[in-house]
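Asker: Residue numbers (the numbering used here): 1053 to 1323.
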Amino acid sequence: MDRKPPAGLNKGAFARRMLQIGQALAVLGAIGWLIWAGIAQLEYRWQWYRVEPFFYRVVDGELIWGPLVRGLILTLKIAGLAGALAILIGFLTALARMSGSIAGRAIATTYLEAIRNTPLLVQLFLVYFVLAPIIGIDRFWAGVLCLAFFEGSFAAEIIRGGIRGVDRGQVEAARAVGLTRVDSYRYIIVPQALPLILPPLTGLMISTIKHSAIVSVIALAELSTQALNLISNTFMAFEIWFITAAIYLSLTVTLSFAVTLFEWRLNKPRR
1053 MDRKPPAGLN
1063 KGAFARRMLQ
1073 IGQALAVLGA
1083 IGWLIWAGIA
1093 QLEYRWQWYR
1103 VEPFFYRVVD
1113 GELIWGPLVR
1123 GLILTLKIAG
1133 LAGALAILIG
1143 FLTALARMSG
1153 SIAGRAIATT
1163 YLEAIRNTPL
1173 LVQLFLVYFV
1183 LAPIIGIDRF
1193 WAGVLCLAFF
1203 EGSFAAEIIR
1213 GGIRGVDRGQ
1223 VEAARAVGLT
1233 RVDSYRYIIV
1243 PQALPLILPP
1253 LTGLMISTIK
1263 HSAIVSVIAL
1273 AELSTQALNL
1283 ISNTFMAFEI
1293 WFITAAIYLS
1303 LTVTLSFAVT
1313 LFEWRLNKPR
1323 R
């Protein structure tokens, strides 16, 4: 009888991972040095001592959040709502594409082709200037819905691919034991498709966070808009853009780490 080797530290894999981390840090360090050297040629006068009020101020013992924090909160709201709606839209679209309904497949295919083959900026203008006045929504929900439908078109293919990746025998077994279609998806298909779906969905959520900056064109005061306003008021372009980039990087890295940890816990019983 075959036995699995005892779980332990794979020294070769650990060494490779550390080498990869070292290479990444070296590349990032080289890029950072090049940027710094380029800025040094401009003889730019750094003003880091002025950035604290951009985050918070204390006035008469009361904490007042600065524009960057307010923009970050709005970015999280937009990205969170848009991401959740995108997954829901993607799941429904994937089911429609795999259904036996000709009308459902036609609607889903038309939606996917229309959204994926037109620029996001054009879609945002159409939603804000055309659809929003008709259905009576404000600019916040116009931005959220536009992002949700845009990212949902990519989520649909990710989810459909994950569901297709589940062994056909599992679906037939679920039907054989008398499970309904809903229960088959709930207990058999989705739990097995989740490990296949999570990595690309993580990239999708990161993309949603980054794409949320486009709502600045409809005057939503998210992080990028607040950064632009600060630059126009203070002329501290380098400091503010470096801080803004660091905030976006922190958000995306934290999300990636959280999903990786969740995926590891999800796969832990299988080890």
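Glycine residues also receive a C-beta, built at the ideal position from the N, C-alpha and C atoms.
Since the model is a prediction, treat every value here as computed from it, not as a measurement.
To the nearest angstrom, report how far apart L1147 and L1250 are at their CA atoms.
Answerer: Against the sequence shown, residue 1147 aligns to sequence position 95. Against the sequence shown, residue 1250 aligns to sequence position 198. Cα-Cα distance, rounded: 18 Å.
Asker: Please report the residue range of the alpha helix (DSSP H) in which W1193 lies.
Answerer: Position 141 of the sequence shown, counted from the first residue, corresponds to residue 1193. It spans 1191-1216 - the alpha helix (DSSP H) in which W1193 sits, taken as one unbroken run.
Asker: How is R1097 classed by DSSP in three states: helix, strand or coil?
Answerer: Residue numbering aside, residue 1097 sits at position 45 when the sequence shown is read from its first letter. Three-state DSSP puts R1097 in coil, outside helix and strand.
Asker: What is the DSSP secondary structure of E1274, reduced to helix, strand or coil?
Answerer: Here residue 1274 refers to the residue found at position 222 of the sequence shown. Residue state, collapsed to three classes: coil.
Asker: Measuring straight from C-alpha to C-alpha, what distance separates M1070 and F1290?
Answerer: As a working mapping, residue 1070 is identified with position 18 in the sequence shown. As a working mapping, residue 1290 is identified with position 238 in the sequence shown. Going by the C-alpha atoms only, they are around 32 Å apart.
Asker: Leaving out the 5 sequence neighbours to the left and right, which residues in its chain are closer than 7 Å to G1060 when beta-carbon positions are compared?
Answerer: In the sequence shown, the residue the question calls residue 1060 occupies position 8. Residue placement at G1060 is flagged as unreliable, the pLDDT there being 47, under the threshold of 50; the coordinate-derived value follows with that caveat. Result list for G1060: empty, nothing under 7 Å.
Asker: What is the DSSP secondary structure of L1115, counted as helix, strand or coil?
Answerer: In the sequence shown, the residue the question calls residue 1115 occupies position 63. Of the three classes helix, strand and coil, the one that applies to L1115 here is strand, per DSSP.
Asker: How would you call R1149, buried or exposed, if buried means at least 16 neighbouring beta carbons within 10 angstroms?
Answerer: If you number the sequence shown from 1, residue 1149 lands on position 97. The residue is buried, with at least 16 neighbouring Cβ atoms inside 10 Å.
Asker: Give the single residue among H1263, M1288, F1294, W1085 whose Cα lies nearest to the Cα of R1097.
Answerer: Working through the sequence shown from its first residue, we reach residue 1097 at position 45. Of the candidates H1263, M1288, F1294, W1085, the one whose C-alpha sits nearest the C-alpha of R1097 is M1288.
Asker: If we call anything under 8 Å between Cβ atoms a contact, is I1270 one with G1204?
Answerer: Residue numbering aside, residue 1270 sits at position 218 when the sequence shown is read from its first letter. Residue numbering aside, residue 1204 sits at position 152 when the sequence shown is read from its first letter. Going by beta carbons, I1270 and G1204 fall outside the 8 Å limit.
Asker: When you compare only the Cα positions, how much space is there between Y1279 and G1064?
Answerer: Here residue 1279 corresponds to residue number 227 of the sequence shown, with the count starting at 1. Here residue 1064 corresponds to residue number 12 of the sequence shown, with the count starting at 1. According to the sequence displayed, residue 1279 carries Ala and not Tyr. Rounded to the nearest angstrom, the two C-alpha atoms are 44 Å apart.
Asker: When the Cβ atoms of the stretch 1176-1189 are set against those of the stretch 1210-1225, are three or more pairs found closer than 8 Å?
Answerer: no
Asker: Excluding the 5 residues flanking A1207 on each side, which residues of the same chain have their C-beta closer than 6 Å to its C-beta?
Answerer: What you label residue 1207 is simply residue 155 of the sequence shown in a count that begins at 1. Closer than 6 Å at Cβ, skipping near neighbours: A1138, I1139, G1142, L1256.
Asker: Label E1114 either buried or exposed according to how many other C-beta atoms from any shown protein chain fall within 10 Å of its C-beta, with 16 as the threshold for buried.
Answerer: By one-based count along the sequence shown, residue 1114 stands at place 62. E1114 should be labelled exposed.
Asker: Between which two residues does the alpha helix (DSSP H) carrying Y1239 extend?
Answerer: Position 187 of the sequence shown, counting from 1, holds the residue named residue 1239. Neither: Y1239 is in no alpha helix (DSSP H) and is coded neither H nor E.
Asker: Taking the C-alpha atoms as reference points, what is the distance between G1118 and V1111?
Answerer: If you number the sequence shown from 1, residue 1118 lands on position 66. If you number the sequence shown from 1, residue 1111 lands on position 59. So the two alpha carbons sit approximately 12 Å from each other.
Asker: Using a Cβ-Cβ cutoff of less than 7 Å, which residues in the same chain neighbour I1283 once the five nearest sequence positions on both sides are dropped?
Answerer: Here residue 1283 is taken as the residue at index 231 of the sequence shown, counted from 1. Same-chain partners within the cutoff: A1289, I1292.
Asker: Less than 8 Å between the C-beta atoms of I1159 and F1202, yes or no?
Answerer: Counting from 1 along the sequence shown, the entry for residue 1159 is found at position 107. Counting from 1 along the sequence shown, the entry for residue 1202 is found at position 150. In terms of Cβ geometry, I1159 and F1202 do not form a close pair [threshold 8 Å].
Asker: For the candidate residues I1299, D1190, S1236, I1210, whose alpha-carbon lies nearest to that of A1265?
Answerer: Counting from 1 along the sequence shown, the entry for residue 1265 is found at position 213. The closest CA to that of A1265, considering only I1299, D1190, S1236, I1210, is found on I1299.
Asker: How should V1079 be labelled, buried or exposed, when 16 other C-beta atoms within 10 angstroms of its C-beta is the threshold for buried?
Answerer: Within the sequence shown, residue 1079 is the residue found at index 27, counting from 1. Residue burial annotation: V1079 is exposed, with fewer than 16 other C-beta atoms found within 10 angstroms of its C-beta.
Asker: Could you pull out every unbroken alpha helix (DSSP H) segment of at least 4 residues lying fully inside the stretch 1257-1310, listed in chain order?
Answerer: 1275-1286
Asker: Beta carbon of L1164, beta carbon of T1145: below 8 Å?
Answerer: Taking the sequence shown and counting its residues from 1, one reaches residue 1164 at position 112. Taking the sequence shown and counting its residues from 1, one reaches residue 1145 at position 93. Against a cut-off of 8 Å, the Cβ pair of T1145 and L1164 comes out as a contact.
Asker: According to DSSP, simplified to helix, strand and coil, what is V1229?
Answerer: Here residue 1229 corresponds to residue number 177 of the sequence shown, with the count starting at 1. Coil at V1229, not helix or strand.
Asker: Where in the stretch 1114-1192 do unbroken runs of the beta strand (DSSP E), each at least 3 residues long, occur, reported from the N-terminal end onward?
Answerer: 1114-1117
Asker: Tell me whether V1110 sits in a helix, a strand or coil according to DSSP, three-state version.
Answerer: Here residue 1110 refers to the residue found at position 58 of the sequence shown. In the three-state scheme derived from DSSP, where H, G and I count as helix and E and B as strand, V1110 is classed as strand.
Asker: Can you give the Cα-Cα distance for I1125 and I1154, rounded to whole angstroms?
Answerer: Translated into the one-based positions of the sequence shown, residue 1125 becomes position 73. Translated into the one-based positions of the sequence shown, residue 1154 becomes position 102. Approximately 42 Å between the Cα atoms of the pair.
Asker: Is DSSP giving V1079 helix, strand or coil here?
Answerer: For the purposes of this step, residue 1079 is taken as residue 27 along the sequence shown, with counting starting at 1. DSSP places V1079 in helix when its eight states are reduced to three.
Asker: One question on the structure: do S1308 and I1258 come within less than 8 Å of each other, judged by their Cβ atoms?
Answerer: Position 256 of the sequence shown, counted from the start, is the residue given in the question as residue 1308. Position 206 of the sequence shown, counted from the start, is the residue given in the question as residue 1258. Going by beta carbons, S1308 and I1258 fall inside the 8 Å limit.
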